[in-house]
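Asks: Submitted below is the structure of interest, expressed as structure tokens.
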Amino acid sequence: MYIPFEDLPGESKIWIYQSNRKFSEEEFSEIEIDLKAFVEGWAAHGTSLEASYELKYNRFIILAVNQDVQAATGCSIDSSVEFIQSLEKKYNVDLLDKMNVTFKLGEHIAHKPLIDFKKMVKDKSVSENTIVFNNLVNNIEEYNESWEVPAADSWHSRFF
Numbered sequence: 001m002y003i004p005f006e007d008l009p010g011e012s013k014i015w016i017y018q019s020n021r022k023f024s025e026e027e028f029s030e031i032e033i034d035l036k037a038f039v040e041g042w043a044a045h046g047t048s049l050e051a052s053y054e055l056k057y058n059r060f061i062i063l064a065v066n067q068d069v070q071a072a073t074g075c076s077i078d079s080s081v082e083f084i085q086s087l088e089k090k091y092n093v094d095l096l097d098k099m100n101v102t103f104k105l106g107e108h109i110a111h112k113p114l115i116d117f118k119k120m121v122k123d124k125s126v127s128e129n130t131i132v133f134n135n136l137v138n139n140i141e142e143y144n145e146s147w148e149v150p151a152a153d154s155w156h157s158r159f160f
């Protein structure tokens, strides 16, 4: 059951998928239609999940579930991963590789393999003040407070 993202409670579980490239406006519009249809039918053991999504920066797909109503189960999580994999194939993108870092360079959003990000740190191309996307946040409250943060305030700080 689709619920507007902003209506979900702060403790709602989230999953963040980042694309290795920016989606076109047309692609993002298509993805939104597919996401809404997926979320409308998303269920755990036959019970609809109170769920939503958010699309950000033509690059991020955020899925959310209100676990107080019905918790996402292994099968429902598997179905969401299968859905994300279908988007990967349809748009020829990588959404599941967690060994990449997405960060802001001014107004530009950059996406680099972790090894390249570490090299940028060494070369001082990025700093502790560089805004990174901390995709390890677990719920909407953390997402709102700690998703876009200086590298010094995220797991990326270990590289400085």
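The sequence shown begins at 1 in the UniProt record's numbering and counts up by one. Just so it is clear, CB atoms sit at the ideal spot from N, CA and C, and this is done for glycine as well.
1. Spell out the partners DSSP gives E54 in its beta bridges.
2. What span of residues does the alpha helix (DSSP H) with N144 cover, start to end?
3. What does a CB cutoff of less than 6 Å around W15 pick up in its chain, not counting 5 residues either side in sequence?
4. In whole angstroms, give me the CA-to-CA distance for P4 and D123.
5. What residues match up with T47 in a beta bridge as DSSP calls it?
6. Taking all protein chains shown into account, do 16 or more other C-beta atoms lie within 10 angstroms of the C-beta of F160, making it buried, or fewer, making it exposed?
7. Measure the beta-carbon distance from F103 to I140 and round it to whole angstroms, keeping in mind my assumption that it falls under 8 Å.
8. For a quick check, are the C-beta atoms of V39 and Y17 less than 7 Å apart?
9. Output the distance between the C-alpha atoms of E25 and T73, rounded to the nearest integer angstrom.
Replies: Taking the structure as given:
1. Walking along the sequence shown from the start, residue 54 turns up at place 54. The partner list for E54 (beta bridge, DSSP) reads I62.
2. Reading the sequence shown from its first residue, position 144 is the one you call residue 144. Taken as a continuous stretch (DSSP letters only), the alpha helix (DSSP H) holding N144 covers I140 to S146.
3. Locating residue 15 in the sequence shown gives position 15, counting from the first residue. Hits under 6 Å: L63.
4. To locate residue 4, count along the sequence shown from 1; it is residue 4. To locate residue 123, count along the sequence shown from 1; it is residue 123. Approximately 43 Å between the Cα atoms of the pair.
5. Translated into positions along the sequence shown, residue 47 becomes position 47. Among the bridge pairs identified by DSSP, T47 is matched with A44.
6. On the sequence shown, residue 160 is found 160 positions in, with the first residue counted as 1. Exposed.
7. Taking the sequence shown and counting its residues from 1, the one referred to as residue 103 is at position 103. Taking the sequence shown and counting its residues from 1, the one referred to as residue 140 is at position 140. Not really, about 22 Å apart at Cβ, beyond 8 Å.
8. Counted from its first residue, the sequence shown places residue 39 at position 39. Counted from its first residue, the sequence shown places residue 17 at position 17. No, the Cβ-Cβ distance between V39 and Y17 is not below 7 Å.
9. Taking the first residue of the sequence shown as position 1, residue 25 is located at position 25. Taking the first residue of the sequence shown as position 1, residue 73 is located at position 73. Roughly 32 Å between the two C-alpha positions.
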